[in-house]
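If you count the sequence shown from 1, position 15 lands on 26 in our numbering, and the numbers rise without skipping.
Ideal placement from N, C-alpha and C gives every residue a C-beta, glycine not left out.
Since this is a predicted model, take the numbers as computed values, not measurements.
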Amino acid sequence: MPRELIIISCTECKRKNYTSTKNKKKQAKRLEIKKFCKFCRKRMVHKEEK
Ligand SMILES: [Zn+2]
């Protein structure tokens, strides 16, 4: 199963805070998760980079 490395960045400050992997066949949509951003110092919505 090919899993692709993705970069997850904060939607507020645009910093690349996390990396993850995903299966492109299972997750066609762009990943969107709430995670703690150390730059905003609060939980922010993080989105997968293009
Ligand atoms: Zn941020």
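What do you get for cysteine 48, buried or exposed, if any count of 16 or more other CB atoms within 10 angstroms of its CB means buried?
The residue given as residue 48 occupies position 37 in the sequence shown. Cysteine 48 should be labelled buried.
Pull up the distance between the alpha-carbon of methionine 12 and that of glutamine 38, whole angstroms please.
As a position in the sequence shown, residue 12 is number 1, starting the count at 1. As a position in the sequence shown, residue 38 is number 27, starting the count at 1. Answer to the nearest angstrom: the Cα atoms are 13 Å apart.
Beta-carbon proximity of threonine 22 to lysine 58, cut-off 8 Å
The sequence position of residue 22 within the sequence shown is 11, counting from 1. The sequence position of residue 58 within the sequence shown is 47, counting from 1. Contact: yes.
Restricting to Cα atoms, I'd like to know which of Lys46, Lys53, Arg52 is closest to lysine 20.
As a first step, residue 20 is located in the sequence shown; it is residue number 9 there, counting from the start. Residue identity differs from the one stated: residue 20 is serine in this sequence, not lysine. Of the listed residues, the one whose Cα sits closest to serine 20 is Lys46.
Please name the residue or residues paired with threonine 32 in a DSSP beta bridge.
By 1-based counting over the sequence shown, the position of residue 32 is 21. Leu16.
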